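Under the working numbering, the residue at position 106 of the sequence shown is numbered 114, and the numbers go up by one with no gaps.
Built from N, CA and C at the ideal position, the CB exists for glycine as well.
Given the structure is predicted, the values throughout are model-derived calculations rather than measurements.
Input: a single structure, listed below in structure tokens.
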Amino acid sequence: QVQLVESGGGLVQPGGSLRLSCVASETIFKFYAMGWYRQAPGKQRELVATVTYTGATTNYGDSVKGRFTISRANAENTVYLQMNNLKPEDTAVYYCKSFKGPGTWGQGTQVTVSS
């Protein structure tokens, strides 16, 4: 069964850090770019970061540049999102995406930044 499973979300204070993980089925991970998106209440889903299969090229949304880092461990079919210096406006459900074909989405993991 093709799937993506995110984990690592939670409640963190402003200025804190979290690392999200996404484990994917090999059929939608191997040789494909992967990405993280987020959706806050009442807002559209937006790009957070993407990474090519080799990891050589990454792309970030303007609001997270310099604070978030996307990486992947291809032997483990896993993509990560390291989030540092978190802000209340980073609060959202974070989704993992495979770029195979039209795309496959995970179920999301909640990140809440609040004091």
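For ASP98, is the classification buried or exposed, using 16 other Cβ atoms within 10 angstroms of its Cβ as the cut-off for buried?
Sequence index remark: in the sequence shown, residue 98 carries index 90 (1-based). Buried is the call here.
Tell me the residue span of the beta strand (DSSP E) that contains PHE76.
If you number the sequence shown from 1, residue 76 lands on position 68. PHE76 -> beta strand (DSSP E) spans 76–81.
Return the CA-CA distance between GLY50 and VAL119, expressed in angstroms with no decimal places.
Translated into the one-based positions of the sequence shown, residue 50 becomes position 42. Translated into the one-based positions of the sequence shown, residue 119 becomes position 111. Whole-angstrom Cα-Cα distance: 16 Å.
Quick one: what does DSSP say THR65 is sitting in, helix, strand or coil?
Position 57 of the sequence shown holds residue 65. Coil, per DSSP.
Note down the Cα distance separating LYS129 from SER79, rounded to an integer number of angstroms.
No answer is possible for residue 129: the residues shown for the chain start at 9 and end at 123.
Quick one: give me the first and last residue of the beta strand (DSSP E) that VAL35 is part of.
Sequence index remark: in the sequence shown, residue 35 carries index 27 (1-based). Sequence check: residue 35 is Thr here, not Val. Where THR35 is concerned, there is no enclosing beta strand (DSSP E), although the alpha helix (DSSP H) it sits in stretches over 34–37.
For the candidate residues LYS108, SER122, VAL121 and SER123, whose alpha-carbon lies nearest to that of GLN11?
By 1-based counting over the sequence shown, the position of residue 11 is 3. If we check each option's Cα against that of GLN11, LYS108 comes out closest.
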